[in-house]
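All remarks here apply to the structure that follows.
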Amino acid sequence: MILAYQVQFPVAVPAASALSALSYDGFYPGEGSYRWSRGRGRFVFHDPGPGVRGRVEVDLAGWRPRGHEPPRVVLEAAGVRAEARPSRQGETVTLPVVTGGAWRSDLVVSLESETFRPGPQDPRPLGARVQSARFVPDGPVLWPRRPPLGAPLVAAITVLLLAGTLLRLGSPPRRVRWVGIVLATGLGLAFALARPYAAWSSLPLLAVAVLFALVAGVRPVAVHAGAAAARASARAWLGAARAILGGRGVALMLAGVVAVAVAHRAQPVIDVDVGSGREAALARNLGPFDAAGGATFRQALRGAVLDLRDFGSGDWNVAVTAATDAEPRPRVLARAGGTDASTVLGETWTTAALSARAPWGWRAGLVLAFPEGSDGADLRIDRVRIQRGGSWPSARTVVLVLGAALLVGIAVGTAGLASTASLVTIGMILSAEALALGLDPVMTIPFAPTFCAIAAVGSALATVLAGAAAVARERGRAAVPPPAALAAAAVGFVAFFTTTAFPLYRGGHFGFHSQIAEQIWQGRFLLYYLPYPGSMLSRQAQWGDIIVPHPALFHTLVAPLSALGEPWFGLGVKLVLALWLAGIVLVAATLATAAGGPAAGAWTAMLAVGLVPFYQLLGLGHLMTILGCFAMAVAMGYLILRLDRLRRPGTWAAAVGLLAFCFLAYTAGLLFAAFTIAAALPFVLRADREAARVLAAAGLAAAVIAFLLYYVNWTWPFLSQSVPRILHGSGAPEGGGTPVLKRLLALPHKLNYSFGSALVPVLGLAGLARARTLRGWPLLAAWAAVLPVFCAADLFFNLLLKHHYFTAAPVAVGGGLLLSALARRGAAGRVSAGVLLGLALLLGLQTALDAALGRIP
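Those letters in the sequence shown? Residues 1216 to 2072, by the numbering used here.
This is the structure:
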């Protein structure tokens, strides 16, 4: 650590970077490449070391509406103060500083600015627009410097705690010594090369070490199980990678390179419609989306560019269509590869062309700059058309495409399937990526890094699941999902995440719920917790403007992610949603495995991954419903599998906690879970009076917890205002009764809409008859009964298809049991089951594409 502080690199914190979430305080979330400050804000450069001379540079703009002068901005750091009135176009304000602090040497830069409010639609008090903050130390990178006292001491305690805990758990001293050396070296390199991240995470890492030591002292068995799972995970991942990277795998990778090259050259003309939103991943410093005269466009601000790197090498002919409100005069409209596109530009749309050579390399392509871009002038960019001659894809694109396919294939192998299944998966992913590159390179090429990262997370998820399953099998657990189910869950996670992360995804209510999460993080939790008259969550037009209490648990859980700013906040929420949906797949597979064996679990998992309701929920942006479905699936799955052990205090307490989580996750979850328990109790009572008693007690205890934590505030408004309107037929035509016949005739259409085909839920519910051997069969049957019972209730009150979504898991279980039974009837049965599964997956794929491409809602 002492050696690490002899290295001092400049630290840049762009407003749009992930590091800004750790360094910017008192700023609004990122908007493109900048953040607006409030009246007061600050930047923190974490622990650069005491006594370091350097300068702080802040890139900011004093944008104001026309007719208003720029704001007065005051920057202060380390006792040095600077005042400026930055222009609309922006400028860099510099402060000479010397860092201080013996224990910890954080450099805090405060920013104070005059504010304005844009208007009624945006009442925020906005200060200055900050693009980046930098700390640039004087002197060479490597030079004798004094470290702070805190960082080396915290690192030493962390290493010693971990080493001592491992020794207490019985690890060999030699192995512990190597672990300590690796950890100390890693910490030193992190502080030398990535100090802001390392300094920020040092205390959380120490907290983890302390927690690990405490858990090891209290529950050493759990720690040993975790270590065994980690070893099994590592073995599974390395084994899958070795199996794939053989002769067949290398041949498949070479075929992938050829496929990428062919797809790239199949699209020699690239048409970028600026202002349509399709260019968002390429644009830097372009203004808001606008349209006029049938054309979409965006204003080119200062430093505006289209980043067309990765779009291939070759001879480029670029045509740029633009206009301006200013008087016609010669302008350099665009610049790329050292060549300018000049024309006389006025109010009419005019096209200027340039030719440039894009060399092949890691990021083969060009950056198209707009030199005339300005925050003041109105330069409108409408369209960019690129014709590429003899073009080859960039090395980066090829690596990302192959890497994503390889990671998904490794995920399948890590789960425990044969290498042939992994290679088939790789071939399918490569084919899909090549097809996307050939059809729409403008959207696919910028998305390649994101998809590769999603594949990496999916591979990590498969690794964790494989380790956990291995330990569960060693301990003799009966209902462990088979390898095919684990692979399906990992691939499903990739599919769910990709659907929402694709640039054209609209998400329905996604923005609405994200906005509430941001407000909760900013301190407005009580606005959604208490029954305020204007609550956006609990008084909505589609419910006839009646009060229906909607807990803000989803928004509270994801609220901390809003500190990351965009786009990381959105991606973080989408990651959480994909994990919840993959969790539902695993619950369904576990129940089917318990009822019908490993084959049933495998069929169920594959069917669940392709169920239409999951992708429909993502497309509509019903994020609270996704949490509710996940919470109910986990709670019901636990009760079904542990019903005979519910008498044990630990099992009962866990059941109460999961049920309370279900009740608080979403009001529909409270309704459907309570119905499930109430409907199952008479049948459980007939078989086992004691089990019925503890089940009822668990449900009652969870209801009391949920009532005291949230519903106590909403019970009277709901009973006094909403229930009378519900009983009198809310949503009925004025002056008439509830249109029961019309809604009855619409029932098949609703099932077709929610499941892709009404046969899916019908056959799924019928297949649950094969799960009667389950000890918790009454609960599973009652859970499935939610669908027909509330379909009947839906004739009198519009439930917005919530009962369809909450019963997707039992439908998958029944469908998987049917497919498994069919597959056991010889070759013809296996083929028939495969065809039926393929048809169901096609329905899910179509819905996923509709959601990803913005066709839902």
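Note that beta-carbon positions come from the ideal geometry of N, C-alpha and C, so glycine has one too.
Report, in whole angstroms, the separation of the C-beta atoms of Phe-1784 and His-1728, which I expect to be a contact under 8 Å. In the sequence shown, counting from the first residue as 1, residue 1784 sits at position 569. In the sequence shown, counting from the first residue as 1, residue 1728 sits at position 513. Contact flag wrong, Cβ pair sits at about 12 Å.
Check each candidate in Ala-1456, Val-1489, Gly-1722, Asn-1532 and name the one with the smallest Cα separation from Val-1520. Position 305 of the sequence shown holds residue 1520. Measuring from the Cα of Val-1520, the nearest candidate turns out to be Val-1489.
Can the beta-carbon of Ile-1799 be found less than 8 Å from the beta-carbon of Ala-1848? Taking the first residue of the sequence shown as 1, we reach residue 1799 at position 584. Taking the first residue of the sequence shown as 1, we reach residue 1848 at position 633. Yes, they are a contact pair.
Taking the alpha-carbon positions, what's the Ala-1868 to Val-1706 distance? One-based indexing of the sequence shown puts residue 1868 at position 653. One-based indexing of the sequence shown puts residue 1706 at position 491. Answer to the nearest angstrom: the Cα atoms are 33 Å apart.
What residue does the alpha helix (DSSP H) around Glu-1689 start on, and which one ends it? Taking the sequence shown and counting its residues from 1, the one referred to as residue 1689 is at position 474. Looking at the DSSP string, the run of the alpha helix (DSSP H) that includes Glu-1689 is 1656-1689.
Whose C-alpha, out of Pro-1939, Leu-1956, Phe-1887, is nearest the C-alpha of Tyr-2020? As a working mapping, residue 2020 is identified with position 805 in the sequence shown. Of the candidates Pro-1939, Leu-1956, Phe-1887, the one whose C-alpha sits nearest the C-alpha of Tyr-2020 is Phe-1887.
In this structure, how does DSSP classify Tyr-1720 when only helix, strand and coil are distinguished? Counting from 1 along the sequence shown, the entry for residue 1720 is found at position 505. Reduced to three states, the DSSP call for Tyr-1720 is coil.
Which residue or residues does DSSP assign as beta-bridge partners of Val-1222? In the sequence shown, counting from the first residue as 1, residue 1222 sits at position 7. Beta-bridge pairing links Val-1222 to Leu-1357.
Could you give the distance in angstroms between the alpha-carbon of Leu-1861 and the alpha-carbon of Ala-1444? Stepping through the sequence shown from its first residue, residue 1861 is reached at position 646. Stepping through the sequence shown from its first residue, residue 1444 is reached at position 229. Each residue's Cα considered, the two are about 27 Å apart.
Residues in its own chain within less than 7 Å of Leu-1381 by CB, not counting five upstream and five downstream? As a working note, residue 1381 is residue 166 in the sequence shown. Hits under 7 Å: Val-1391, Val-1394.
Per DSSP, what kind of secondary structure is Gln-1346 in: helix, strand or coil? Within the sequence shown, numbered from 1, the residue matching residue 1346 stands at position 131. The answer is strand: DSSP assigns Gln-1346 an E or B state.
Sequence-distant residues of its chain with Cβ nearer than 6 Å to Pro-1335 (five each side left out): Here residue 1335 refers to the residue found at position 120 when the sequence shown is read from its first residue. Hits under 6 Å: none found.
Identified DSSP bridge partners for Pro-1229: Translated into positions along the sequence shown, residue 1229 becomes position 14. Answer by DSSP bridge pairing, in chain order: Ser-1347.
Taking only three categories from DSSP, how would you classify Pro-1939? Residue 1939 sits at position 724 when you count from the first residue of the sequence shown. Residue state, collapsed to three classes: helix.
What residue from Phe-1890, Ala-1921, Arg-1863, Phe-1876 has the CA that sits closest to Val-1909's CA? Here residue 1909 corresponds to residue number 694 of the sequence shown, with the count starting at 1. Checked all of Phe-1890, Ala-1921, Arg-1863, Phe-1876; the closest Cα to Val-1909 is Arg-1863.
Sequence-distant residues of the same chain with beta carbon closer than 6 Å to Trp-1415, five excluded per side: Sequence index remark: in the sequence shown, residue 1415 carries index 200 (1-based). Counting only Cβ-Cβ distances below 6 Å, and skipping sequence neighbours, we find Leu-1237, His-1261.
Could you pull the start and end residues of the alpha helix (DSSP H) that Thr-1380 belongs to? In the sequence shown, the residue the question calls residue 1380 occupies position 165. Per DSSP, Thr-1380 belongs to the alpha helix (DSSP H) from 1365-1383.
Specify the secondary structure class of Asp-1262 as computed by DSSP and reduced to three states. By 1-based counting over the sequence shown, the position of residue 1262 is 47. Of the three classes helix, strand and coil, the one that applies to Asp-1262 here is coil, per DSSP.
Per DSSP, what kind of secondary structure is Phe-1242 in: helix, strand or coil? By 1-based counting over the sequence shown, the position of residue 1242 is 27. Phe-1242: strand per DSSP, three-state reduction.
Indicate the three-state DSSP secondary structure (helix, strand or coil) for Val-2028 in the structure shown. Locating residue 2028 in the sequence shown gives position 813, counting from the first residue. Here Val-2028 sits in helix by DSSP.
Spatial neighbours of Ala-1817 in its chain, beta-carbon cut-off 6 Å, leaving aside the 5 residues before and after: Locating residue 1817 in the sequence shown gives position 602, counting from the first residue. Correct list, in chain order: Pro-1697, Ala-1699, Ala-1700.
Go through its chain and collect everything with a Cβ distance to Arg-1332's Cβ below 8 Å, but skip five positions before and after it. Indexing the sequence shown from 1 puts residue 1332 at position 117. These residues qualify, in order along the chain: Pro-1338, Arg-1339, Pro-1340, Leu-1341.
Between which residues of its own chain and Pro-1828 is the CB-CB distance below 8 Å, once the five residues before and five after are set aside? Reading the sequence shown from its first residue, position 613 is the one you call residue 1828. Once the five neighbours on either side are set aside, the close Cβ partners of Pro-1828 are Ser-1969, Phe-1970, His-2019, Tyr-2020, Ala-2023.
Relative to the alpha-carbon of Ala-1981, which residue among Leu-1621, Pro-2025, Ala-1636, Cys-2006 has its alpha-carbon at the smallest distance? If you number the sequence shown from 1, residue 1981 lands on position 766. Residue Pro-2025 is the option with its Cα nearest to Ala-1981.
Should Gly-1865 go down as buried or exposed, given a rule of 16 or more other Cβ atoms within 10 Å for buried? Here residue 1865 is taken as the residue at index 650 of the sequence shown, counted from 1. Gly-1865 should be labelled exposed.
Close-in-space but distant-in-sequence residues of the same chain around Gly-1553 (CB under 8 Å, 5 per side omitted): The residue labelled residue 1553 in the question sits at position 338 within the sequence shown. Excluding positions up to five away in sequence, the list reads Ala-1571.
Ala-1233 to Leu-1779, Cα distance in whole Å? Against the sequence shown, residue 1233 aligns to sequence position 18. Against the sequence shown, residue 1779 aligns to sequence position 564. About 6 Å.
Name the DSSP bridge partner or partners of Gln-1514? As a working note, residue 1514 is residue 299 in the sequence shown. Looking at the DSSP assignment, Gln-1514 forms a beta bridge with Arg-1595.
In chain order, what are the residue ranges of uninterrupted alpha helix (DSSP H) at least 4 long that sit wholly in the region 1986-2070? 1992-2008, 2017-2021, 2023-2038, 2041-2067
Which residues does DSSP list as the beta-bridge partners of Ser-1325? To locate residue 1325, count along the sequence shown from 1; it is residue 110. Answer is Arg-1257, Glu-1291, bridged to Ser-1325.
With burial defined as no fewer than 16 other Cβ atoms inside 10 Å of the residue's Cβ, what is the status of Arg-1544: buried or exposed? Here residue 1544 refers to the residue found at position 329 when the sequence shown is read from its first residue. The residue in question, Arg-1544, is exposed, as its Cβ has fewer than 16 Cβ neighbours within 10 Å.
Residue range of the beta strand (DSSP E) that includes Ser-1570: Here residue 1570 is taken as the residue at index 355 of the sequence shown, counted from 1. Element bounds for Ser-1570: 1565-1573.
Should the region 1678-1685 be called in touch with the region 1611-1621, which here means at least 3 C-beta pairs below 8 Å? no
Could you tell me whether the region 1728-1742 touches the region 1896-1916, where touching means 3 or more Cβ pairs closer than 8 Å? no
Own chain, CB closer than 7 Å to Leu-1357, minus 5 neighbours either side, in chain order: As a first step, residue 1357 is located in the sequence shown; it is residue number 142 there, counting from the start. Correct list, in chain order: Gln-1221, Val-1222.
Inter-residue Cα distance where the pair is Leu-1874 and Gly-1914: For the purposes of this step, residue 1874 is identified with residue 659 of the sequence shown, where counting begins at 1. For the purposes of this step, residue 1914 is identified with residue 699 of the sequence shown, where counting begins at 1. Cα to Cα, Leu-1874 sits roughly 7 Å from Gly-1914.
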